[in-house]
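So the sequence shown is numbered by our numbering: it starts at 6 and just counts up by one.
Glycine included, each C-beta is placed from N, C-alpha and C at the ideal position.
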Amino acid sequence: MKNVGGQAVLEGVMMRGATCIATSVRTPDGSIETLEEPIESQGSSWRQLPILRGVVNLWDSLKTGVRVMNYAASFFEEPDEAPSLGRKFLDRLSNGRGEKLSQVLTFGVSMVLALGLFTVGPTLLAQVLLRNTGSRLSFNLLEAGLKVLLFLLYLWGISRIPEIKRVFQYHGAEHKTIDAYERDLELTVDNVRRCSRYHARCGTNFMFLVLVVSAVVFSFVGTTNGLERIFFKILLIPLVAGLTYELIRWLGASSSKLSWALSAPGKFLQRLTTAEPEDSMIEVAIRALKQSEGLPYTVKDLKRLGDQALKGTEGAALDRDLLLCFVTGLPRETLLAYPERVVSLEQLNHYQKVLKMRQERRPISQITGHKEFMGHDFLVNESTLIPRPETELLVEEVLGALQSQPFGEEGPHILDLCTGSGAIGLSLAKALPEAKVTLTDLSESALALARQNALRLGVSLQTQWIHADLFDGLATPWNFDLIVSNPPYIPTRDWKNLSKDVRDYEPRSALDAGETGLFFYERIADKARQHLRNGGLLFLEIGADQGVSVPALLRSYDWQNVEVLADLSGRPRIVRALWRRTL
């Protein structure tokens with residue numbers, strides 16, 4: 006029989022299952038952290054005796070509740086916040102164990118307030134209202150009614166607090182997840198959402214039944230004296246807790262009409278103490294339940310998490326699988342073939358963190374640190390532009406032009422301007438082992454990354470590196486057979502129209518080309534003439550709306566055979582030009 010219990014905490018859920026107590030919390034960065042604690046052995050057989058076991062379990066539940074609530078709250082404390090004077094005093098008082106003492110005091114104060122509100126208060130108020138004139142029956146009825154009224158007012162009042170309302174939403178997620186599990190449904194967000202948020206074994210039900218049981222038990226107290234009744238009530242609390250525990254166990258296991266009737270008021274009150282959860286809250290509850298019951302996560306489970314996280318975004322299925330390949334180290338074909346393959350908790354945690362990054366529109370390549378280009382794996386980071394598939398056309402056109410010309414044993418000399426990750430120049434070096442490639446960039450961090458890529462591709466001996474702004478630092482003129490570049494070409498006025506993936510995560514210096522978008526093309530058109538041999542070639546990638554302006558600019562600097570090449574979608578993508586000196 007499945008017998009999972011739980012508790013909502015600040016931005017999380019605690020589940021007590023067959024293998025452990027698992028507390029999962031949605032942290033401020035959007036990830037889910039889970040604390041697993043062993044379930045204490047019940048030890049002696051007397052701890053299993055009816056009624057007595059209820060007292061023991063109530064005490065254990067209170068201790069666990071305080072502990073897991075403090076665990077959840079720890080994620081939302083200011084990291085640099087100095088200890089308060091009270092905390093320092095408790096540390097001195099307890100030889101450095103101020104946190105533990107603080108928890109004990111919090112628990113003690115909470116118990117005193119609860120006793121005052123629901124035990125002492127109703128008794129004294131009933132005594133004042135009746136002024137010792139009523140019968141014992143009327144006193145008991147009034148006292149019980151006041152307890153219920155105060156309890157309802159308390160629940161209604163705290164439900165108005167925004168932070169508590171979120172806790173109640175997590176409470177709803179806890180109930181729905183347990184209900185789905187007990188109905189043998191697959192634990193997915195969609196399945197859980199369709200389940201009930203009202204449960205017979207809920208703490209709200211327990212508290213309401215405590216009021217009912219206490220009213221019955223205290224009716225046998227033969228005095229209407231306020232202080233005497235308060236004394237006996239405190240004395241009888243263990244008995245009330247034990248009887249209520251046995252009753253709640255029976256209600257959870259029974260499907261009779263009587264059990265339904267007894268559960269109905271508590272379930273009705275759960276309309277106050279639970280609320281419909283967000284999908285992200287259900288994910289937290291599922292995580293806690295699975296870990297508490299020792300249930301594994303599979304590739305299929307992670308795909309569902311990915312679908313949920315990336316729902317509504319373009320290319321969601323591909324992004325989901327690419328990130329899953331990244332965290333598991335498995336090829337996509339394996340993930341498709343083995344959906345029931347078990348993944349580790351570390352991989353699950355990593356996957357949810359990278360999904361959060363993608364939700365924030367961080368590019369996949371920056372999350373994984375890799376991008377395929379021309380069949381090669383390139384390292385990328387935030388200091389470089391991410392190589393685009395359309396830029397492969399630029400490399401292919403350059404290769405076609407070079408392979409049609411005889412260069413002899415020495416091979417062609419190529420200059421790659423604004424190299425970034427080195428994708429263009431290094432791909433050319435890899436395809437042309439006899440070529441010598443010079444790569445320049447204004448960013449030192451970009452050059453450092455490009456050098457790593459050269460080592461990975463095994464072309465370091467073919468390369469020369471210059472930290473420079475375009476042609477600055479190139480001392481020898483008329484040296485190269487071919488110059489290639491994918492320079493910045495986005496007009497400043499268009500920057501705000503770029504997608505969030507590009508605008509927020511790729512370096513603006515690799516994209517923004519001034520008001521007209523021609524700033525770098527004009528410099529290249531002018532200076533490239535000094536660094537090409539006679540008959541040398543220039544290849545430039547351009548924006549889709551620059552198929553007229555860039556060729557016109559090149560012709561104004563006397564470039565010849567200027568030609569515009571379109572990409573697969575028919576848009577202008579590449580400009581090719583020839584330089585011949587007139588003597």
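Backbone secondary structure at H536 - three-state DSSP: It is coil, neither helix nor strand.
Beta-carbon separation (whole angstroms), E288 vs L310, contact threshold 8 Å: 7 Å
Whole-angstrom distance between D509 and D34, CA atom to CA atom: In a straight line, the C-alpha of D34 is about 18 Å away from that of D509.
Endpoints, alpha helix (DSSP H) assigned at N502: For N502, no alpha helix (DSSP H) encloses it, and the DSSP letter there is neither H nor E.
Candidates N458, G463, G425 and S297: closest to S448 by CA position: G425
Pairwise C-alpha distance: L63 and K5: Residue 5 lies beyond the residue range present for the chain, which begins at 6 and ends at 588; the question has no answer from this structure.
Same chain, Cβ closer than 7 Å to S297, neighbours up to 5 away in sequence not counted: V9, M20, R21, G22, T24, C25, I26 and A27
Minimum length 4: unbroken alpha helix (DSSP H) runs contained in the region 399-472: Listed in chain order, the complete alpha helix (DSSP H) runs (minimum 4 residues) inside the region 399-472 are 428-436 and 449-462.
Bridge partners - H381, DSSP secondary structure assignment: F378
R276 versus L192: straight-line alpha-carbon distance, rounded: 23 Å
Cβ-Cβ distance between A314 and L360 below 7 Å: Their beta carbons are under 7 Å apart, which means A314 touches L360 by this criterion.
Close beta carbons around W161, own chain, < 7 Å, minus the five adjacent residues each side: Around W161: L277.
Whole-angstrom distance between P392 and H176, CA atom to CA atom: 46 Å
Enclosing beta strand (DSSP E) for E351 [first to last residue]: Segment L350 to Q364 is the alpha helix (DSSP H) holding E351; no beta strand (DSSP E) there.
Bounding residues of the beta strand (DSSP E) (the contiguous stretch that carries N566): Q565 to A571
Test item: CB-CB of D517 and T497 under 7 Å: yes
Cβ separation of L399 and V489, assumed to be a contact under 8 Å, to the nearest whole Å: 7 Å
Which of helix, strand or coil DSSP assigns to D474: coil
Proximity to L294 [Cα-Cα], best of F236, K501, V555 and L40: L40
Y562 beta carbon less than 7 Å from that of A530: In this structure, A530 sits near Y562, with a CB-CB distance shorter than 7 Å.
Where Y356 falls, given that 16 or more other Cβ within 10 Å makes a residue buried: buried
As assigned by DSSP and simplified to three states, the class of F225: coil
Exposure label - T249; buried when at least 16 CB within 10 Å: buried
Alpha-carbon to alpha-carbon, I372 and L384: Inter-residue distance for L384 and I372 is about 11 Å (C-alpha atoms, whole angstroms).
Continuous alpha helix (DSSP H) stretch holding I488: start and end: Not the alpha helix (DSSP H): I488 falls in the beta strand (DSSP E), residues F485 to S490.
Exposed unless 16 or more other CB atoms sit within 10 angstroms - verdict on V347: exposed
A480 classed as buried or exposed, judged by whether at least 16 other C-beta atoms fall within 10 angstroms: exposed
Whole-angstrom distance between A280 and L240, CA atom to CA atom: 36 Å
Element boundaries [alpha helix (DSSP H), containing I291]: D284 to E298
Exposed unless 16 or more other CB atoms sit within 10 angstroms - verdict on P394: exposed
S259 (DSSP reduced to helix, strand or coil): coil
Whether K505 touches R366 by CB criterion (7 Å): yes
8 Å Cβ shell around K152 - same chain, five flanking residues per side excluded: F123, P127, L216, S219 and A220
Neighbourhood of Q174 by C-beta distance below 6 Å, restricted to the same chain and skipping five residues each side: Sequence-distant Cβ neighbours of Q174 in its own chain, meaning closer than 6 Å and more than five residues away, are A280, P282 and M286.
Distance between beta carbons of A440 and Q469, contact taken as under 8 Å: At roughly 12 Å, the Cβ-Cβ gap does not stay under 8 Å, so Q469 and A440 are not in contact.
Short Cβ contact (7 Å threshold) for H418 with D486: Yes, these two residues count as a Cβ contact at 7 Å.
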